[in-house]
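Visitor: Numbering (the working numbering), first residue to last: 335 to 657.
Before we start, here is the structure in question, set down as structure tokens.
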């Protein structure tokens, strides 16, 4: 089978190669999945480069523990290991597998049956691949941790990526007024999917504006934690799903201090993979939300696409077809 692999850390286009490797054989409790589509995520950008360095504690200190990166997939069950009982051969599946491993930049993967869910038949494989990680970040960040309520004033920083493009649609289902922040190249697309207001982050620092928000979902935390307080309403919530490690540590520290004397909250989402995914898939089936897909692209372009992701030029979710 074909797979995109690297044995060293470095820039994606320098270290990643297309190779032919043996098709995996499912072990006890595992299923063999023929991958139809996969995606690019921030984990992949960090996994391939080995940066920030702290990620090497998960991916391997000196070289990648997982030669094949990739954490999201949709596909078809092609084989069953012993004691695998959740699925049968031919079942369509999808999910974020990062709780159990990596390796979706390939034509096949063998992984525990607990890593995926059955794909709704109404969803195309590209849609299904684009949904798991971004959708669960959006629903857990906005609704579970952010406690999104009807008619609130919401801001999403990094609003033109996978999480933001789904998050705005969740917020609009509750008739919220939503502001999105991203690069100018994404602003027209963002308006088309429901943002009431859009800001070019290079021209406007939303933490210095006079507008105040009930809820901020930050996909790109890059400022000092206390700077967000001035744009939160009383009892407002700031929820981050990722960004600069030092800034995230600041959010964690000041969030605990703030909880002692203020009704405002600074919070970091600890993602539970695939939790809430079935609800998001149902909304997609009902045409209440839609996936914004950048692609699909062929597997051969994976290295370029990871670099493209790292530069932040993508709109919605980058999807790769593997067949």
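For glycine and all other residues, C-beta sits at the position ideal for the given N, C-alpha and C.
DSSP three-state call for residue 573: helix, strand or coil?
Guide: Along the chain shown, one-based indexing puts residue 573 at 239. In this structure, residue 573 counts as strand in the three-state DSSP scheme.
Visitor: Hey, how far is the Cα of residue 540 from the Cα of residue 555?
Guide: Taking the first residue of the chain shown as 1, we reach residue 540 at position 206. Taking the first residue of the chain shown as 1, we reach residue 555 at position 221. Spanning the two alpha carbons is a distance of roughly 12 Å.
Visitor: Straight-line CA distance for residue 423 to residue 395?
Guide: Taking the first residue of the chain shown as 1, we reach residue 423 at position 89. Taking the first residue of the chain shown as 1, we reach residue 395 at position 61. Looking at the two C-alpha atoms, the distance is approximately 37 Å.
Visitor: If you run the structure through DSSP and keep just helix, strand and coil, what is residue 400?
Guide: To locate residue 400, count along the chain shown from 1; it is residue 66. Reduced to three states, the DSSP call for residue 400 is coil.
Visitor: Quick check on the burial criterion: 16 or more other C-beta atoms within 10 angstroms. Buried or exposed for residue 614?
Guide: Your numbering for residue 614 matches position 280 in the chain shown. It counts as buried.
Visitor: Return the bridge partner residues of residue 555 from the DSSP annotation.
Guide: As a first step, residue 555 is located in the chain shown; it is residue number 221 there, counting from the start. For residue 555, which the question treats as bridged, DSSP gives the partners 577.
Visitor: Check the C-beta distance from residue 400 over to residue 344 and give it rounded, since I have them as a contact under 8 Å.
Guide: Within the chain shown, numbered from 1, the residue matching residue 400 stands at position 66. Within the chain shown, numbered from 1, the residue matching residue 344 stands at position 10. Going by Cβ atoms, the distance from residue 400 to residue 344 rounds to 15 Å, so no, they are not a contact pair.
Visitor: If you follow the alpha helix (DSSP H) that residue 470 is part of, which residue opens it and which one closes it?
Guide: The residue given as residue 470 occupies position 136 in the chain shown. Per DSSP, residue 470 belongs to the alpha helix (DSSP H) from 466-473.
Visitor: Just the C-alpha distance for residue 421 and residue 652, rounded to the nearest angstrom, thanks.
Guide: Taking the chain shown and counting its residues from 1, the one referred to as residue 421 is at position 87. Taking the chain shown and counting its residues from 1, the one referred to as residue 652 is at position 318. Approximately 28 Å, taken between the alpha carbons.
Visitor: I believe residue 459 touches residue 408 by the beta-carbon criterion, under 8 Å. Please report the beta-carbon distance rounded to the nearest angstrom.
Guide: For the purposes of this step, residue 459 is identified with residue 125 of the chain shown, where counting begins at 1. For the purposes of this step, residue 408 is identified with residue 74 of the chain shown, where counting begins at 1. That belief holds up - the Cβ atoms of residue 459 and residue 408 are roughly 4 Å apart, short of 8 Å.
Visitor: To the nearest angstrom, report how far apart residue 309 and residue 494 are at their CA atoms.
Guide: In the structure as shown, the chain begins at 335 and stops at 657. Residue 309 is therefore absent and cannot be evaluated.
Visitor: Residue 329: buried (16+ other C-beta within 10 angstroms of its C-beta) or exposed?
Guide: Lying before the first or after the last residue shown, residue 329 is absent from the chain, which here runs from 335 to 657.
Visitor: Under three-state DSSP, which class holds residue 362?
Guide: Within the chain shown, the letter at position 28 stands for residue 362. In this structure, residue 362 counts as coil in the three-state DSSP scheme.
Visitor: Comparing alpha-carbon positions, which option in 605, 561, 369 lies nearest residue 426?
Guide: Residue 426 sits at position 92 when you count from the first residue of the chain shown. Nearest of 605, 561, 369 to residue 426, Cα basis: 369.
Visitor: Considering just the uninterrupted stretch of the beta strand (DSSP E) at residue 514, what are its terminal residues?
Guide: For this step, residue 514 is matched to residue 180 along the chain shown. Residue 514 -> beta strand (DSSP E) spans 511-516.
Visitor: Is it the case that the Cβ atoms of residue 363 and residue 452 are separated by a distance below 8 Å?
Guide: If you number the chain shown from 1, residue 363 lands on position 29. If you number the chain shown from 1, residue 452 lands on position 118. Not closer than 8 Å, so no.
Visitor: Please tell me whether residue 630 and residue 371 are closer than 8 Å, where the distance is taken between their beta carbons.
Guide: As a first step, residue 630 is located in the chain shown; it is residue number 296 there, counting from the start. As a first step, residue 371 is located in the chain shown; it is residue number 37 there, counting from the start. It is a contact, given that the beta carbons lie within the stated cut-off.
Visitor: I'd like the span of the alpha helix (DSSP H) that includes residue 434, first residue to last.
Guide: Looking up residue 434 in the chain shown gives position 100. Unbroken run through residue 434: none, as it is neither H nor E.
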